[in-house]
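Chemist: So the protein sequences, as listed, match chains A and B.
One rule links them: number in my numbering = place in the first sequence (from 1) + 18.
One rule links them: number in my numbering = place in the second sequence (from 1) + 18.
Where a beta carbon is used, it is the ideal one built from N, C-alpha and C, also for glycine.
There are 2 protein chains.
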Amino acid sequence: MPRPTTGTTTDSISTSAPMGRRERKKAATRQAIADAALRLFLERGYDEVGIREIADAADVSTTTLFKHFPVKEALVFDEESDQESRLLAAVRERPEGQSIPAALREHALTTRRMAATDGDTTLAVFTELVARTPALRDYAQKMWLRHTTALARAIAEESGLAADDPLCTALAHFALEAPRAAYSHADPREAVIRAFDLLEYGWNALSRPAL
Amino acid sequence: MPRPTTGTTTDSISTSAPMGRRERKKAATRQAIADAALRLFLERGYDEVGIREIADAADVSTTTLFKHFPVKEALVFDEESDQESRLLAAVRERPEGQSIPAALREHALTTRRMAATDGDTTLAVFTELVARTPALRDYAQKMWLRHTTALARAIAEESGLAADDPLCTALAHFALEAPRAAYSHADPREAVIRAFDLLEYGWNALSRPAL
DNA sequence: TTCAATAAGTGCAACAGCTCAACTTTTGAA
DNA sequence: TTCAAAAGTTGAGCTGTTGCACTTATTGAA
């Protein structure tokens, strides 16, 4: 998910704990690096900007940069844990009567890159950057897949199946893969919908063995 | 898929065309590189062996090595096109009355890493190498995913759906992802079976709109 | 047989991403 | 005030990978 601004800001973080000077400085450094990186990436393209250059622009050493971001791709994606929360919430707090796959479909359509370009140009440009850069696409995909386990657990709880039922893992994994499967289609949105149809029918047939 | 021998061999290739000296030498060089690489990898682990060392062992320059194999991971996996053929054949030549997902499940169970350690220790050791090395796991996965398009087309032909029906893409993609979804389970075999159950029910419900 | 075109291979330098070890500064608290 | 941990720096260096200029070997045709 994109960061809200590109300008150098010392954004307060949503945690209410009043962090000390130390933490604030650390956050500021991190932010400066991320801002510099995003600006350069948008200007010239991801592959055209090197780590050393970003470090220079943020006025830190490359070593420091890598202490804040484990790999180059991570400079682009922040807030991974927030995403996981939203994903799980989409399942847990879905409307009455909505199936789990249906909730996941909705979440996929509104969140992940499927969002129609509504207003926010910054977001649109950011999205385009990711879409155009294979390394970033791959990384984004892996990011989502990292949440498979948590999602599978949530699915198990919601459905009453055993926590380690392979069916839950399979649904979780496939649901997170769906946008990628749809990526190369003429109409990705439609492709996502159909992919979830597949999952929904299968799930409904299998998740209530009692019926 | 593993290569049959580790010893340096100038294996004849199954193509009947009597290749000239040039092509033969090229193939021999390639084989020497791959053999050296595999031997070293098995001895000391993938990450512990560098490109320069492999090139030395095969007595070629690193430049030459990269002319034969585009990336380090490719040193381990050969015969990618053969795999694709077998995958497509599994769908096209499935027994009468067997559904497409069922055929894919069977193929997944008998081929990819699911094979019980039956006899061939070389294969077992090779499989273990891949399983233990994240970079190789990822690469193997990408390899399979590269066949999504071809598989989707085969599925479309066999089912009578439109060639670009998203349902075919989705099934193809999910079927190729299934082993990975199952990877971390206590009983991966069982997990693969259940994952394909999900796909099979969904597919059967959706692939015959006329019924 | 000769010869030019082509492909394979070489050597080396360089770049990009990333890590390591040793060292300095800042900071929070005792 | 003191002191250990955390944050940051420096600089060297490793690894995968590429570009470039160059040498050979093989081949198909003249």
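Can you check which of these residues, B:A190, B:D182, B:E208, is closest to F187 (chain A) by C-alpha distance?
Modeler: Translated into the one-based positions of the first sequence, residue 187 (chain A) becomes position 169. Note on residue identity: the sequence assigns Thr, not Phe, to residue 187 (chain A). Considering only alpha carbons, the answer is B:E208.
Chemist: Using 8 Å as the limit for Cβ to Cβ distance, is Y219 (chain B) near chain A?
Modeler: On the second sequence, residue 219 (chain B) is found 201 positions in, with the first residue counted as 1. Closer than 8 Å: yes.
Chemist: Answer yes or no: does any C-beta atom of chain B fall closer than 8 Å to that of A199 (chain A)?
Modeler: For the purposes of this step, residue 199 (chain A) is taken as residue 181 along the first sequence, with counting starting at 1. So yes, A199 (chain A) belongs to the interface.
Chemist: Taking only beta-carbon positions, decide if D238 (chain B) is within less than 8 Å of chain A.
Modeler: Nothing about residue 238 (chain B) can be reported from this structure: the residues present for chain B run from 19 to 229 only.
Chemist: Give me, in chain order, the residues of the same chain whose beta-carbon lies closer than 8 Å to that of T166 (chain A); leave out the 5 immediate sequence neighbours on both sides.
Modeler: The count along the first sequence starts at 1 and reaches residue 166 (chain A) at position 148. Once the five neighbours on either side are set aside, the close Cβ partners of T166 (chain A) are T187, A190, H191, L194.
Chemist: Any contact between the segment 198-217 of chain B and the segment 122-131 of chain B? By contact I mean 3 or more CB pairs, one from each, below 8 Å.
Modeler: Short answer: they touch.
Chemist: Report the residues of the segment 180-200 of chain B with a CB closer than 9 Å to any CB of chain A, ordered along the chain.
Modeler: Of all residues in the segment 180-200 of chain B, D182, D183, P184, L185, T187, A188, L189, A190, H191, F192, E195, A196, R198, A199, A200 have a Cβ within less than 9 Å of some Cβ in chain A.
Chemist: Buried or exposed for P119 (chain A), please, with buried defined as at least 16 other CB atoms from any protein chain shown within 10 angstroms of its CB.
Modeler: As a position in the first sequence, residue 119 (chain A) is number 101, starting the count at 1. Buried, by the Cβ-count rule.
Chemist: Report all residues from its chain with a CB closer than 6 Å to the CB of S177 (chain A); omit the five preceding and five following residues, and keep chain order.
Modeler: For the purposes of this step, residue 177 (chain A) is identified with residue 159 of the first sequence, where counting begins at 1. So the qualifying residues of the chain are S225.
Chemist: If you measure from the beta carbon of H203 (chain A) to each beta carbon in chain B, is any gap under 8 Å?
Modeler: Position 185 of the first sequence holds residue 203 (chain A). Yes, contact with chain B.
Chemist: Return the chain-ordered ranges of every alpha helix (DSSP H) run that is complete within the segment 156-194 of chain A and spans a minimum of 4 residues.
Modeler: Listed in chain order, they are 166-177.
Chemist: Relative to the alpha-carbon of R123 (chain B), which residue among B:Q49, B:Y219, B:A196 has its alpha-carbon at the smallest distance?
Modeler: Taking the second sequence and counting its residues from 1, one reaches residue 123 (chain B) at position 105. Checked all of B:Q49, B:Y219, B:A196; the closest Cα to R123 (chain B) is B:A196.
Chemist: Can you give me the start and stop residues for the alpha helix (DSSP H) that T129 (chain A) sits inside?
Modeler: For this step, residue 129 (chain A) is matched to residue 111 along the first sequence. Taken as a continuous stretch (DSSP letters only), T129 (chain A) belongs to no alpha helix (DSSP H), as it is neither H nor E.
Chemist: For E91 (chain A), return the contacting residues in chain B, with the cut-off set at a CB-CB distance below 9 Å.
Modeler: In the first sequence, residue 91 (chain A) corresponds to position 73, counting from 1. Within 9 Å Cβ-Cβ: nothing; E91 (chain A) doesn't reach chain B, min ~14 Å.
Chemist: Please work out which residues of its chain come closer than 7 Å, Cβ to Cβ, to L217 (chain B), disregarding the five sequence neighbours upstream and downstream, and give them in chain order.
Modeler: As a first step, residue 217 (chain B) is located in the second sequence; it is residue number 199 there, counting from the start. Hits under 7 Å: P119, L189, F192, A193.
Chemist: Hey, V94 (chain B) and L154 (chain B) are a contact pair by Cβ (cut 8 Å); roughly how many whole angstroms apart?
Modeler: If you number the second sequence from 1, residue 94 (chain B) lands on position 76. If you number the second sequence from 1, residue 154 (chain B) lands on position 136. So it is a contact: roughly 6 Å between Cβ atoms.
Chemist: Of the residues A:R112, A:R70, A:A52, which one's Cα is nearest the Cα of S87 (chain A)?
Modeler: The count along the first sequence starts at 1 and reaches residue 87 (chain A) at position 69. For the record, residue 87 (chain A) in the displayed sequence is Phe; it is not Ser. Comparing Cα positions, the closest option is A:A52.
Chemist: Output needed for A55 (chain A): all residues of its chain with C-beta closer than 6 Å, excluding positions within five of it in sequence on either side, in chain order.
Modeler: Walking along the first sequence from the start, residue 55 (chain A) turns up at place 37. Counting only Cβ-Cβ distances below 6 Å, and skipping sequence neighbours, we find I72, L93.
Chemist: Thinking C-alpha only, which one of B:Y157, B:F214, B:L83 is nearest K44 (chain B)?
Modeler: Against the second sequence, residue 44 (chain B) aligns to sequence position 26. When only C-alpha atoms are compared, the closest one is B:L83.
Chemist: Helix, strand or coil for F87 (chain A) per DSSP?
Modeler: For this step, residue 87 (chain A) is matched to residue 69 along the first sequence. Correct three-state label for F87 (chain A): coil.
Chemist: Can you check which of these residues, A:E41, A:P184, A:E97, A:R48, is closest to A204 (chain B) by C-alpha distance?
Modeler: On the second sequence, position 186 is the one that residue 204 (chain B) refers to. The option with the nearest alpha carbon to A204 (chain B) is A:P184.
Chemist: Give the straight-line distance between the Cα atoms of A174 (chain A) and A180 (chain A), rounded to the nearest whole angstrom.
Modeler: On the first sequence, position 156 is the one that residue 174 (chain A) refers to. On the first sequence, position 162 is the one that residue 180 (chain A) refers to. Each residue's alpha carbon lies about 6 Å from the other.
Chemist: L106 (chain B) and L169 (chain B) look like a contact to me (Cβ under 8 Å); what is the Cβ gap, rounded to whole Å?
Modeler: Walking along the second sequence from the start, residue 106 (chain B) turns up at place 88. Walking along the second sequence from the start, residue 169 (chain B) turns up at place 151. That pair is a contact at about 7 Å.
Chemist: Pick from B:D96, B:Q49, B:E97: whose alpha carbon is nearest that of A75 (chain B)?
Modeler: For the purposes of this step, residue 75 (chain B) is taken as the residue at position 57 of the second sequence. The shortest Cα separation from A75 (chain B) among B:D96, B:Q49, B:E97 belongs to B:Q49.
Chemist: May I have the straight-line CA-CA distance separating T27 (chain B) from T47 (chain B), to the nearest angstrom?
Modeler: Sequence index remark: in the second sequence, residue 27 (chain B) carries index 9 (1-based). Sequence index remark: in the second sequence, residue 47 (chain B) carries index 29 (1-based). Bear in mind that a pLDDT of 37 at T27 (chain B), under 50, signals an unreliable position, so the model cannot answer this.
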